[in-house]
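Residue numbers (the working numbering): 913 to 1257.
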């Protein structure tokens, strides 16, 4: 958070939705929205997708996950998934080594497969290869990393949606289904693991869900929207709450699961692809539900005035009950705390 604030987000005064959003500009937005032509309401959304830990397990799946995340982010703010292009940025190890080169080939094939399946053209890209260095302690190879940038048209930037909660009494819908996919996840890293099951990508399901979310935003049925990525549902819900200064109450038993045996930890922290947490006004419940017919969508909670994130597990027991200001402080100090811990050894 403190690094993001070092940059000037107002150059040429075209930004409509900033990288940090919410009542105190304290929440991580899904994508930035710009209106480049003075006097026009047409604009574009710019979003990113990245998770190098997925590539440690499956470079092909990691590329598809990065593309889906970049598209989710621009769709979450109002970008049109049918008018989106993408760019790639590869940062890799020594491609003279067969394992590094093989992983790069798999990652490139993942880009090709997801691009064709979603109808997303690559319009540019770059690479930074052979990032590998010999030291007295051995060879250091950077994580195999693919950063995907998505650029989507926004017909009317005034309809753009941010991720901060807006109103007490709103309904919270989880769009998309969940499996226990914690391989390469933030949960796995926090527990000192890598895991094994990287989130699977389903192109046909993804297309239907991206289109449905976009249609709901275009019709003005969405108050706020946040994609689920690092940290899964728990982190997305926390970010929406502390950004909007409002609490929320969520029931994990209401989630749509691809595997009914998923435990509460999996429901909270799985990083399954193509999912959003969406805030909808009670008056728009029927219209929103009608629009979501045919895709995975479940009413899992509500926005509350009290400044707490309350989540009940599948059996009704409380699994999370935290003050949203405490959650905000964790977000703001996370990187500095991690760096301080590394300095102390």
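We treat Cβ as the ideally placed atom computed from N, Cα and C, and that holds for glycine.
Any idea what DSSP makes of residue i, helix, strand or coil?
i	result
residue 1233	strand
residue 1094	coil
residue 1202	helix
residue 1212	strand
residue 1184	coil
residue 1158	coil
residue 1000	strand
residue 1052	strand
residue 1100	helix
residue 962	coil
residue 955	strand
residue 1194	helix
residue 1220	strand
residue 1163	strand
residue 1247	helix
residue 950	coil
residue 1172	coil
residue 1010	helix
residue 1089	coil
To the nearest whole angstrom, what separates the beta carbons of residue i and residue j, a pair I think is in contact under 8 Å?
i	j	result
residue 1085	residue 928	Residue 1085 to residue 928, Cβ: 25 Å. No contact.
residue 1215	residue 1082	4 Å
residue 1091	residue 1190	So it is not a contact: roughly 20 Å between Cβ atoms.
residue 988	residue 1139	5 Å
residue 930	residue 943	Wrong, their Cβ atoms sit about 10 Å apart, outside the cutoff.
residue 1059	residue 962	5 Å
Would you call the CB atoms of residue i and residue j closer than 8 Å?
i	j	result
residue 1063	residue 997	yes
residue 1078	residue 1132	no
residue 965	residue 1096	yes
residue 982	residue 1018	no
residue 1134	residue 1192	yes
residue 1118	residue 1186	yes
residue 1036	residue 1065	no
residue 1183	residue 1093	yes
residue 1015	residue 971	yes
residue 1143	residue 1098	yes
residue 1231	residue 1220	no
residue 967	residue 1047	no
residue 1042	residue 1007	yes
residue 1145	residue 1109	no
residue 933	residue 1076	yes
Using the rule of at least 16 other Cβ atoms within 10 Å of the residue's Cβ for burial, across every protein chain shown, is residue i buried or exposed?
i	result
residue 992	buried
residue 990	buried
residue 1153	buried
residue 1250	exposed
residue 978	buried
residue 1241	exposed
residue 1237	exposed
residue 915	exposed
residue 1171	exposed
residue 938	buried
residue 950	exposed
residue 1160	buried
residue 1068	exposed
Is residue i close to chain D? Criterion is C-beta to C-beta, closer than 8 Å.
i	result
residue 1004	Protein chain content of the structure displayed is limited to a single chain, and chain D is not contained in it.
Kindly examine the ligand HEM and report whether one of its heavy atoms sits closer than 7 Å to the Cβ of residue i.
i	result
residue 1017	Within the structure as shown, the ligand HEM is missing, as the structure has no ligands at all.
Unbroken alpha helix (DSSP H) runs of length 4 or more, entirely within the region 1103 to 1147: which are they?
-> The qualifying runs are 1115 to 1130.
Which ranges would you report for the beta strand (DSSP E) in the region 1016 to 1067 if only whole runs of at least 3 residues count?
-> Counting only unbroken stretches of 3 or more residues, the beta strand (DSSP E) elements lying wholly within the region 1016 to 1067 are 1034 to 1040, 1044 to 1047, 1050 to 1053 and 1057 to 1066, in sequence order.
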